[in-house]
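Engineer: So that we are looking at the same thing, I have put the structure below in structure tokens.
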Amino acid sequence: MGLPHFNCSRYSLEEPSSVHQLHPSQIDVVAALGDSVSVAQAAESSSITDILEQYPGVSFVTGGDVELNEQATLYNMFHQFSPRIKGGSSDRIQKFYDFNLAVAGSFSHELPAQAEKLSRTLKRKLGKENLKTWKFLNIFIGHNDLCNICNNMTLYGPETFGESIKKSLSIIESSIPNVFVNIMPPINVQIHTQAHGASPFCELSHRKTCSCIFELDKWEYQKIKKQFDDQLKKVVNEFNEKSRNSNRITVVIAPAMDLKSIPLLGNQSNVGLLALDCFHLSTIAHDIAAKQIWRGLFEPVTAKTVTDQLSVGFDRFVCPPAECPFLRTDRNSENCEPPKELRFLPFVPGNTSVTLGMPPFLIPGFFIIATAVILLFVRASFRPPSSEFSDERRYLLLPIRADLNDNIF
Numbered sequence: 001m002g003l004p005h006f007n008c009s010r011y012s013l014e015e016p017s018s019v020h021q022l023h024p025s026q027i028d029v030v031a032a033l034g035d036s037v038s039v040a041q042a043a044e045s046s047s048i049t050d051i052l053e054q055y056p057g058v059s060f061v062t063g064g065d066v067e068l069n070e071q072a073t074l075y076n077m078f079h080q081f082s083p084r085i086k087g088g089s090s091d092r093i094q095k096f097y098d099f100n101l102a103v104a105g106s107f108s109h110e111l112p113a114q115a116e117k118l119s120r121t122l123k124r125k126l127g128k129e130n131l132k133t134w135k136f137l138n139i140f141i142g143h144n145d146l147c148n149i150c151n152n153m154t155l156y157g158p159e160t161f162g163e164s165i166k167k168s169l170s171i172i173e174s175s176i177p178n179v180f181v182n183i184m185p186p187i188n189v190q191i192h193t194q195a196h197g198a199s200p201f202c203e204l205s206h207r208k209t210c211s212c213i214f215e216l217d218k219w220e221y222q223k224i225k226k227q228f229d230d231q232l233k234k235v236v237n238e239f240n241e242k243s244r245n246s247n248r249i250t251v252v253i254a255p256a257m258d259l260k261s262i263p264l265l266g267n268q269s270n271v272g273l274l275a276l277d278c279f280h281l282s283t284i285a286h287d288i289a290a291k292q293i294w295r296g297l298f299e300p301v302t303a304k305t306v307t308d309q310l311s312v313g314f315d316r317f318v319c320p321p322a323e324c325p326f327l328r329t330d331r332n333s334e335n336c337e338p339p340k341e342l343r344f345l346p347f348v349p350g351n352t353s354v355t356l357g358m359p360p361f362l363i364p365g366f367f368i369i370a371t372a373v374i375l376l377f378v379r380a381s382f383r384p385p386s387s388e389f390s391d392e393r394r395y396l397l398l399p400i401r402a403d404l405n406d407n408i409f
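Under UniProt numbering, residues 1 to 409 are what the sequence shown spells out, in order.
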């Protein structure tokens, strides 16, 4: 779990002029759209009573409650390069700059509404900065469609999935400036039947929450899953071709979690990768997902890694390669020109925080100001608590509870 050793070079780069020359240090915001996988439902559940809880603080996308040496998330990996990054989620408080707007139980036809809400949220919370900040947006949806497709092949079918992705990308293009969109194909939910041998509860849980995996066989699901994947590729290729002259948006398919089966532990399916409900991802799987997606960000769009038996336990931080240190897109995968000028920031071994450059003559003043701030903080800490805070803002100290949902994702 986690990545204990961060030893990548840190660059100081000018403001990016194109999404096709976007370095991790230039990402200002991490955001997520999707279903309950992205908000880490059941990830830290310890009993049957809390399997409907959401734990966004450990989400593979926006998890902000964990340090990189504890568990990898895309947010805390980007944070190594961009210390001012916004978008981290927490289980304990509702952060102002939490841009994980995924909703448990969502179907793909509800994705456009999420995209519209994200657009409004970014405008409201970032203000004028919204026009300048560069965003990394992860989209992961379609699991509830696959779990219910036997009940309505039209509403939950591949054509509806494709149209929803297309409409969502159109909304994002027109209302969210400067964005790298990372879309993950939905996991083939049929592979969860491989966990039935591990526990009778797994089969019982699946009959309640994803009954179509009992109605359709393995081959039928493979055919349906291919249709979903083909729709996604078609929509993304058409979108990128249409926006080829734009330097402000691109869309990349990230197949990191497009599993063909549950990885094995010995001769059995490794159910440790599943949460207690036998369906969602455990914190171990969120850790693996973040690492594999991160690795894929620096691989050509046609040669991205898919998680398999060998990649489970992968614990090396993949640094942006010197020959092309940018997030890969359809354009720079073919022809990538590295930055002409790089100013390396100092690296302190064992320190995972970014060291910011500061002129020597400012250092004494910085320490004087820092000391004054600390003294004021200590003084404030010994004041009696305000009744106004206790009564009106006490909810900020309480864990966020998940709404109950009929859909597993």
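Note that the Cβ used here is the ideal one computed from N, Cα and C, for glycine as well.
Treat the numbers as computed from the prediction; the structure is a model and nothing was measured.
Using only alpha-carbon positions, find the residue among A289, L74, V271 and I85 that is nearest to A195.
Structural biologist: V271
Engineer: Among the candidates D230, C202 and G88, whose CA atom is the shortest distance from the CA of S59?
Structural biologist: G88
Engineer: Among C319, F180 and A102, which one has its Cα closest to the Cα of H20?
Structural biologist: F180
Engineer: Taking the DSSP output, what are the residues bridged to K86?
Structural biologist: Paired residue(s): V29.
Engineer: From what residue to what residue does the alpha helix (DSSP H) around Y75 run?
Structural biologist: L74 to F81
Engineer: Where S269 and V318 are concerned, what is the direct C-alpha to C-alpha distance, given to the nearest angstrom?
Structural biologist: Cα-Cα distance, rounded: 27 Å.
Engineer: Please classify L230 as buried or exposed, where buried requires at least 16 neighbouring CB atoms within 10 angstroms.
Structural biologist: Leu is not the amino acid found at residue 230; the sequence shown has Asp there. Burial state of D230 is exposed, judged by a 10 Å Cβ sphere holding fewer than 16 other Cβ atoms.
Engineer: Tell me the DSSP secondary structure of S269 in three-state form.
Structural biologist: S269: strand per DSSP, three-state reduction.
Engineer: Thinking just about the alpha-carbon of each residue, which of M257, L273 and R248 is nearest to the one in K304?
Structural biologist: M257
Engineer: If you draw a straight line from the C-alpha of M77 to the C-alpha of I165, how long is it?
Structural biologist: Distance between the alpha carbons of M77 and I165 is about 27 Å.
Engineer: Residues bridged to M184 by DSSP?
Structural biologist: F140
Engineer: Determine the burial state of G127: buried for a count of at least 16 other Cβ atoms within 10 Å of its Cβ, exposed for fewer.
Structural biologist: Here G127 is exposed, its C-beta having fewer than 16 other C-beta atoms within 10 Å.
Engineer: Return the first residue and the last residue of the beta strand (DSSP E) that I213 is part of.
Structural biologist: The continuous stretches of beta strand (DSSP E) do not include I213, which lies in the alpha helix (DSSP H) extending over residues C212 to E215.
Engineer: What span of residues does the beta strand (DSSP E) with S175 cover, start to end?
Structural biologist: Segment P158 to S175 is the alpha helix (DSSP H) holding S175; no beta strand (DSSP E) there.
Engineer: Kindly indicate which three-state DSSP category N351 falls into: helix, strand or coil?
Structural biologist: Because the pLDDT of N351 is 39, which lies under 50, any placement of that residue in the model is unreliable, and the number read from its coordinates should be weighed accordingly. DSSP, reduced to helix, strand and coil, places N351 outside both helices and strands of the structure shown, so it counts as coil.
Engineer: With distances taken between CB atoms, is the gap from P263 to F298 smaller than 7 Å?
Structural biologist: no
Engineer: Hey, how far is the Cα of I139 from the Cα of G197?
Structural biologist: In a straight line, the C-alpha of I139 is about 31 Å away from that of G197.
Engineer: What whole-angstrom Cβ distance do N152 and G105 have, given they're in contact under 8 Å?
Structural biologist: Wrong, their Cβ atoms sit about 16 Å apart, outside the cutoff.
Engineer: Hey, F6 and Q54: beta-carbon distance below 7 Å or not?
Structural biologist: no
Engineer: For V252, list the residues DSSP reports as bridge partners.
Structural biologist: N182
Engineer: Classify F96 as buried or exposed, calling it buried when 16 or more other Cβ atoms lie within 10 Å of its own Cβ.
Structural biologist: exposed
Engineer: Could you tell me the alpha carbon to alpha carbon distance between C336 and A254, rounded to whole angstroms?
Structural biologist: 19 Å
Engineer: Let me know the secondary structure DSSP gives H5 once reduced to three states.
Structural biologist: coil
Engineer: Could you give the DSSP three-state label for Q94: helix, strand or coil?
Structural biologist: coil
Engineer: Have a look at A42, I172 and Q94 and flag the residue whose alpha-carbon is nearest the alpha-carbon of S282.
Structural biologist: A42
Engineer: Do the CB positions of T250 and T133 come within less than 7 Å of each other?
Structural biologist: No; because the gap between Cβ atoms is not below 7 Å, this pair is not in contact.
Engineer: Alpha carbon to alpha carbon, how far is L265 from A275?
Structural biologist: 16 Å
Engineer: To the nearest angstrom, how far is the alpha carbon of I149 from that of L22?
Structural biologist: 38 Å
Engineer: Going straight from the alpha carbon of E14 to that of S174, what length do you get?
Structural biologist: E14 and S174: Cα-Cα distance of roughly 25 Å.
Engineer: Let's see if you can read the secondary structure: which residues bound the alpha helix (DSSP H) around V318?
Structural biologist: Run containing V318: none; DSSP gives neither H nor E here.
Engineer: Would Q292 pass as a contact of T302 if the rule is Cβ separation under 7 Å?
Structural biologist: No, the Cβ-Cβ distance between Q292 and T302 is not below 7 Å.
Engineer: Return the CA-CA distance between residue 410 and K260, expressed in angstroms with no decimal places.
Structural biologist: Lying before the first or after the last residue shown, residue 410 is absent from the chain, which here runs from 1 to 409.
Engineer: Classify K86: buried if its beta carbon has 16 or more other beta carbons within 10 angstroms, exposed otherwise.
Structural biologist: K86 is buried by the Cβ-count criterion.
Engineer: So the candidates are D277, E334, R248 and P300; which of them puts its Cα closest to the Cα of residue 427?
Structural biologist: Absent from the structure is residue 427, since the part of the chain shown begins at 1 and ends at 409.
Engineer: Where do the N-terminal and C-terminal ends of the alpha helix (DSSP H) with A303 fall, by residue?
Structural biologist: Run containing A303: none; DSSP gives neither H nor E here.
Engineer: What does the Cβ neighbour count give for P4, buried or exposed, with the cut at 16 atoms within 10 Å?
Structural biologist: Around the beta-carbon of P4, fewer than 16 other beta-carbon atoms lie within 10 Å, marking it exposed.
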